[in-house]
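Okay, so here's the structure we're looking at.
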Amino acid sequence: MGKYDPLRDYLRKLKTDEVELSFAEMERKIGYMLPKSASLPQWWANTTDPAATHVQRKAWGDAGFDAFLIAGADRVSFKRVQSTRSAP
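Structure, rendered in C-alpha coordinates:
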(Lines of atoms letter the chains of each structure in order from A and count residues from 1; the text may use other names and numbers.)
(Lines give C-alpha, C1' and ligand atoms only; values in the text may rest on other atoms or scores of the structure.)
Protein backbone atom coordinates (compact mmCIF):
# COMPACT_ATOMS: atom_id res chain seq x y z
CA MET A 1 0.00 0.00 0.00
CA GLY A 2 1.36 3.38 -1.01
CA LYS A 3 1.55 6.32 1.36
CA TYR A 4 -1.08 8.31 -0.55
CA ASP A 5 -3.40 5.41 -1.39
CA PRO A 6 -5.97 6.48 1.26
CA LEU A 7 -6.24 9.88 -0.45
CA ARG A 8 -6.64 8.18 -3.83
CA ASP A 9 -9.34 5.90 -2.45
CA TYR A 10 -11.19 8.83 -0.87
CA LEU A 11 -11.16 10.77 -4.14
CA ARG A 12 -12.32 7.74 -6.13
CA LYS A 13 -15.40 7.42 -3.92
CA LEU A 14 -16.47 11.04 -4.35
CA LYS A 15 -19.75 11.67 -6.13
CA THR A 16 -18.80 15.30 -6.81
CA ASP A 17 -16.42 16.65 -9.43
CA GLU A 18 -14.61 19.01 -7.05
CA VAL A 19 -13.57 19.04 -3.41
CA GLU A 20 -11.36 21.21 -1.24
CA LEU A 21 -9.32 19.61 1.52
CA SER A 22 -7.12 21.23 4.12
CA PHE A 23 -3.65 19.87 4.75
CA ALA A 24 -4.90 18.65 8.15
CA GLU A 25 -7.78 16.75 6.53
CA MET A 26 -5.40 15.06 4.09
CA GLU A 27 -2.97 14.22 6.87
CA ARG A 28 -5.77 12.52 8.81
CA LYS A 29 -6.71 10.50 5.72
CA ILE A 30 -3.18 9.34 4.93
CA GLY A 31 -1.99 8.99 8.53
CA TYR A 32 1.15 11.06 7.92
CA MET A 33 2.22 14.68 7.96
CA LEU A 34 2.59 16.24 4.52
CA PRO A 35 6.16 17.33 3.78
CA LYS A 36 7.14 21.00 4.05
CA SER A 37 7.40 21.05 0.26
CA ALA A 38 3.60 20.57 0.09
CA SER A 39 3.30 24.31 0.64
CA LEU A 40 4.83 24.82 -2.83
CA PRO A 41 2.67 24.78 -5.98
CA GLN A 42 5.21 22.50 -7.71
CA TRP A 43 4.44 19.68 -5.24
CA TRP A 44 0.83 19.73 -6.43
CA ALA A 45 1.64 20.15 -10.13
CA ASN A 46 -0.31 17.77 -12.34
CA THR A 47 1.40 15.74 -15.02
CA THR A 48 0.45 13.33 -17.76
CA ASP A 49 4.02 12.03 -18.00
CA PRO A 50 3.85 8.27 -17.38
CA ALA A 51 7.49 8.32 -16.26
CA ALA A 52 6.78 10.76 -13.42
CA THR A 53 7.73 9.25 -10.09
CA HIS A 54 5.94 11.58 -7.69
CA VAL A 55 3.74 9.23 -5.70
CA GLN A 56 1.42 11.99 -4.49
CA ARG A 57 0.63 13.03 -8.09
CA LYS A 58 0.00 9.42 -9.03
CA ALA A 59 -2.52 9.08 -6.20
CA TRP A 60 -4.89 11.85 -7.30
CA GLY A 61 -4.19 11.21 -10.97
CA ASP A 62 -5.19 7.55 -10.59
CA ALA A 63 -8.41 8.76 -8.97
CA GLY A 64 -9.12 10.98 -12.00
CA PHE A 65 -8.38 14.34 -10.39
CA ASP A 66 -6.03 17.27 -10.81
CA ALA A 67 -4.84 19.17 -7.73
CA PHE A 68 -4.46 22.92 -7.26
CA LEU A 69 -2.83 24.50 -4.22
CA ILE A 70 -4.81 27.39 -2.77
CA ALA A 71 -1.98 29.77 -1.99
CA GLY A 72 -1.59 30.83 1.62
CA ALA A 73 -4.47 28.69 2.84
CA ASP A 74 -2.90 25.25 3.39
CA ARG A 75 -5.76 23.92 1.26
CA VAL A 76 -5.95 22.10 -2.04
CA SER A 77 -8.73 22.00 -4.59
CA PHE A 78 -9.13 18.66 -6.35
CA LYS A 79 -11.03 18.80 -9.64
CA ARG A 80 -12.15 15.76 -11.59
CA VAL A 81 -10.39 15.62 -14.95
CA GLN A 82 -13.25 13.90 -16.72
CA SER A 83 -16.59 13.32 -15.12
CA THR A 84 -17.52 9.67 -14.84
CA ARG A 85 -21.06 10.49 -13.80
CA SER A 86 -23.89 10.10 -16.28
CA ALA A 87 -25.46 13.18 -17.79
CA PRO A 88 -29.07 13.77 -16.63
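According to full-length UniProt numbering, the stretch in the sequence shown is residues 1 to 88, in order.
Think of the CB as a built atom: it goes at the ideal place given N, C-alpha and C, for glycine as much as any other residue.
Remember, it's a predicted structure, so these values are computed and weren't measured experimentally.
- Pairing residue 59 with residue 12, the inter-Cα distance amounts to about 10 Å.
- The three-state secondary structure of residue 58, taken from DSSP, is helix.
- Between the alpha carbons of residue 61 and residue 30 lies a distance of about 16 Å.
- Bounds of the beta strand (DSSP E) holding residue 66 are 65 to 70.
- DSSP, read as helix, strand or coil, puts residue 7 in helix.
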